[in-house]
Amino acid sequence: MIAALMVLLPAAVAVALALAPRPAVHRPLAVLGVVGTLALGLLATGDAARIEVPWIPALGTWIALDAGGAGGVLARIAAFVLLPTVLWAGARVQERPHLFLAWLLATLAGLGGIFLARDLVLFYVFWELTLIPGLALLAGWGLTHRRTAMLKYLLYAVAGSFAMLLSVLAIRPLAGAEGYRFDQLLAAAPLLDPLTQAWIFAGFAFGFAVKLPIFPLHAWLIDVAEQNHASGAADVAGTLYKVGGFGLFAWAIPLLPAGATALAPAGLALGAFTAVYGALIATRHTHLKRILAYASLSHMGIVAVGLFSLHLAGKTGSMALLAAQMVTTGGLFLVSGMLHDRRATFDLDAFGGLAKSAPALAAATLVVLFASIGVPGLANFPGEFLALLGAFQAAPAAAVVAVLAVIAAGALGVNLFQRLFQGEGKERTRDVSPLEVAVFAPILALTLWFGLAPATNLTVFEREAAVAAEVVAAPAPAPDPRLVQGGAR
Amino acid sequence: MTLPPVIGDLMPLAPAAVLVVVAATALLAGVFARDRAPLVALALLGVAAALVLAFDQWSRAIAAGTAGAALGGAYLGDAIGHAFTFVILLGTGLAILLADAHRERLGMDHPELHPLLLLSAAGALVLVSAGDLVTLLLGLEIMSLAVYVLAAWRERSRSGEEAGMKYFLLGAFASAVFVYGMALVYGATGRFDFAGVAAAAADPSFAAHGVLLLGGVFVLVGLTFKAAFAPFHQWLPDVYSGSPTPITAFMSVVVKAAAFGALVRVAGTLFGALGPGALGEVLPGMFGVLVGATLVVGNFGALLQSGVKRMLAYSAIAHAGYVGLAVLAGGADGAAAAAFYLLAYTLTTLVAFAVLLSIMDDDDRGDRLERLEGLGRRRPWLAAALAVSMLSLAGFPPFAGFIGKLMVFQAAIAAGHTALAVVGIATAVVAVAVYARVVVAMFLRDPAGHALPQRRVGRGTLAVLAVGVVGTIALGLFPGGWLDLVARTPWWALGS
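Protein chains in written order, with our numbering: chain S, 6 to 494; chain W, 139 to 634.
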């Protein structure tokens, strides 16, 4: 039941925000919605975390949500990251702030649905629905060239999700599963013959690859990041919505082990290439948000490498990296908003020497930036390490390439910090405001916690990764009796 | 109360009969009445009475566990008949409300308007309930004749005349093709009723496979003409854009639903009649090609239009393709998917037409896409309703259109038509671009210079918008009730 409330509460608050007349209540209401969702997420344990009622019996779909697994962890992190985002957006967005906040809350509701759904059709519904808040944030508050960015985003996303829809539609009838619930599908889908699995997996993988994103389906990400509202708050929502890795981890790989095995080489190659490509392209840009977008693209490449290693450690690490980069990339986008607040531009050339007049801002940014490039003891390191470890077991060549990306990202991060904060200051700037302190606090707390005590999340991720690993490791399944019959007829 | 057997046997005909009686009464009363308001009320009352009777029949069929039949099986009250009857009556009621809201300014303030709509709806009911080809033809002609007149309603308008003339000539041509096919089917099997045709073809001594196939081709071509499958779709955009907008709305929901109700039955009879061999593959194969072409032509055609009415016309073609996928899938699943899709399409499309009617010029012109620019600022509620409609047509959850697509594709894949399902999904991406253009124009562009008519949204339009939007969302979130109702209704004898 609590799982359903984690979706319904932010949705209700979003509606209330859109209709609320008095500006004074907007920010408290939004904060209350996020905090309430987070509290629900922390309360959701054991049986209270699950809900399971028939939805459309004719199609075999269920309203099945579960906050106890890997999805629950990601949903809680999403709520946690959205807290500073709502605080920041409420202060920084001047035009129709209540609607902006409403869309942020709608994103949270949709993410809750994506992460908690244990029914494939329900998962797809939330997957598709969550596209709308992202488009609305871009449409209503984006910069001059937002229309092109929107169209690009829409077409990429829709092409991806429709390919995935085809697989969603095909998997149950072809597998002969009773319904669309995860356990029902898990009982039937892995028994499908490898070729069918490969086709169905390809549909899922295409949809998830657009959202991850990995090369060559990443073009939308850069444009969207550049054109989103200058506060960076919409980019945080976008960062949280990069759920392709989760889709592979929670649905495609466990349900279609043979399909995953067949397509893993391609996934590994594309993932490794994306990691290097993103990191290298990032160094060629001077637009801060484009750099961040390419850097996060590079992370997604490593996530893909870890997942497609199909190795327990690799998959666990990928999820941990995904969770960590929600915090660190999200935090960096908020920092980009703070910097824009000071210089009214994202051009790196306009910055430099900020550390002299704003030492606290520099220090806080340094922590998040170092976490993002995978410095040990901070958020991204455990995930990145495990993902690459898994990759070395399964595909050393791809892992070596991905490690190059980590090195390039390190150079990028240090260089970025130098250009922003060190050197000769062009002009003085103010240090962190109380609001900015409040925004940094939860980000820094999570960054340190993930780095120093990664075990809490890792155990949950590992438990779920093991489900799929068992299926993959099991000997080739005996031919499905139904198929044999069908063939003989 | 038990009815005498003869009348009891005729009860499935009651909804259509009520519509005819009310139409005749309204026509007579219209000669004398000065005020039109009571006539509208009468027409709506007639539709409501027909709905009540239809529901009564429906629940009786479920309770009895057998499909209703009248006139020796010429008129059926099975799952197809009941489900499509509901869709048609709902569409008719809402279309009457729409026509009434704009009748004065569109020069439609004549006493024969509602009788024609009711007669056409009665024909549609006959069409979807027909148990044999002759009844089917009767229904087709009753429905079409009234619509030919309605399509040509615009006085002193070239495009109106063109619409009526084109619709009439091509419609008559399609009917002729259909009748020819019917004759061939009869020649091959000696039967007009669907069950009889299927039984005769299944008989081991049956030898006239070639004639039956030829007849089947003609019958299908005739019906796909009516349902506007590519390449028989060319008449539709001209007719849709030339007709008065409320009539366009009526045609795109009622006439379309009726044509598909008939197609479901005919396809169900003929696709299996020729056995599993190469000969039996011809009709489904041909139909599959038509479905694929329709999906491509409809969706890409819609992308090229600059007028919203024409865009909706091509979108009607595209959606015919999706329903066609369900028809091709066949069986109870396919029929249920087709009925659901059309119910969703009816609710959604009427919302689009209701919004369009509220912002078009007094002379029923001005449907260019530019007119919608900035509607989100100028008329936020109308824009929101149209956005719901467009998102549902594009297949976005949680709206009814999404569940419709889900069911259609599911049925198609389960029946082994994976390649066509892929075509459907690929063209659905194009469709998203089509409907996104409308949403982008409404919310992302600044209000254009031109003035919108300052027209209040009347009670009738409001009712259509409310029913349409609430229905689209409710069906999207909780489709189970309707699907369960259809699933529990006895299937017709042939389906076994």
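By construction, the Cβ of each residue, glycine as well, lies at the ideal position given by its N, Cα and C atoms.
This one's a predicted model, so the numbers in the text were calculated from it and none came from an experiment.
Scanning its chain for C-beta atoms nearer than 8 Å, with the 5 sequence neighbours on each side dropped, one finds around residue 351 of chain W the residues 412, 417, 420 and 421, in chain order. Taking the Cα positions, residue 295 of chain S is about 59 Å away from residue 414 of chain W. Looking at the DSSP output, residue 67 of chain S shares a beta bridge with S:59.
In the displayed model, residue 122 of chain S falls within a strand according to three-state DSSP. The straight-line gap separating the alpha-carbon atoms of residue 512 of chain W and residue 520 of chain W is approximately 11 Å.
Taking a Cβ-Cβ cut-off of 8 Å, residue 186 of chain S has no neighbours in chain W, whose nearest Cβ is about 16 Å from it. For chain W, the residues of the segment 154-170 of chain S that bring a beta carbon within less than 8 Å of one of its beta carbons are 155, 156, 159, 160, 163, 164, 167, 168 and 170, in chain order. Between residue 384 of chain S and residue 329 of chain S, the CB-CB gap stays under 8 Å. When Cβ-Cβ separations below 8 Å define contact, residue 62 of chain S makes contact with chain W.
With respect to the 8 Å criterion, residue 462 of chain S and residue 78 of chain S are classified as neighbours on the basis of their beta carbons. In the three-state reduction of the DSSP assignment, residue 352 of chain S falls in the strand class, which pools E and B. Ranked by Cα distance from residue 398 of chain W, the options W:619, W:226, W:152 and W:603 are led by W:226.
Rounded to the nearest whole angstrom, the C-alpha separation of residue 549 of chain W and residue 472 of chain W is 6 Å. DSSP places residue 172 of chain W in the coil class of the three-state scheme, outside both helix and strand. With respect to chain W, the C-beta atom of residue 91 of chain S has no partner C-beta closer than 8 Å. For residue 584 of chain W, no CB of chain S lies under 8 Å from its own CB, so it is not counted at the interface with that chain.
The beta-carbon of residue 560 of chain W is placed less than 8 Å from the nearest beta-carbon of chain S.
A contact is defined here as three or more CB-CB pairs under 8 Å, and the segment 548-565 of chain W meets this definition with respect to the segment 166-178 of chain S. Shown here for residue 361 of chain W: same chain residues with a beta carbon closer than 7 Å to its own, the five before and five after excluded, namely 316, 397, 400, 401 and 404 in chain order.
Here residue 416 of chain W is not bridged, per DSSP, to any residue. Interface with chain S (8 Å Cβ-Cβ cutoff): residue 581 of chain W is included. When DSSP reads this structure, residue 292 of chain S sits in a beta bridge with S:352.
For the segment 500-535 of chain W, the full-length alpha helix (DSSP H) segments reaching 4 residues or more read 513-516 and 518-532 along the chain. A distance of 8 Å or more separates the beta carbons of residue 260 of chain W and residue 346 of chain W. In this structure, the alpha-carbon of residue 525 of chain W lies about 21 Å from that of residue 460 of chain W. In the DSSP annotation of this structure, the continuous segment of the beta strand (DSSP E) that includes residue 214 of chain W starts and ends at 213-215.
Contact check between the segment 261-280 of chain S and the segment 93-105 of chain S: fewer than three CB pairs, one atom from each, fall below 8 Å, which does not count as touching. Between the beta-carbon of residue 301 of chain W and that of residue 247 of chain W there is about 20 Å, and that puts the pair past the 8 Å contact cut.
For chain S, the residues of the segment 562-573 of chain W that bring a beta carbon within less than 8 Å of one of its beta carbons are 563, 564, 566, 567, 570 and 571, in chain order. Residue-level contact by beta carbon fails for residue 193 of chain W and chain S, as no gap is shorter than 8 Å. Flagged as an interface residue toward chain S: residue 551 of chain W, by a C-beta distance shorter than 8 Å. When beta bridges are read from the DSSP output, residue 206 of chain W appears opposite W:215.
The residues 164, in chain order, have a CB closer than 6 Å to that of residue 180 of chain W in the same chain once the five nearest residues on each side in sequence are set aside. Taken atom to atom, the span from the alpha-carbon of residue 270 of chain W to that of residue 107 of chain S is near 56 Å. With respect to residue 321 of chain S, residue 470 of chain S sits close: the two C-beta atoms are nearer than 8 Å.
Within chain S, no C-beta atom comes less than 7 Å from the C-beta of residue 518 of chain W; the nearest is roughly 11 Å away.
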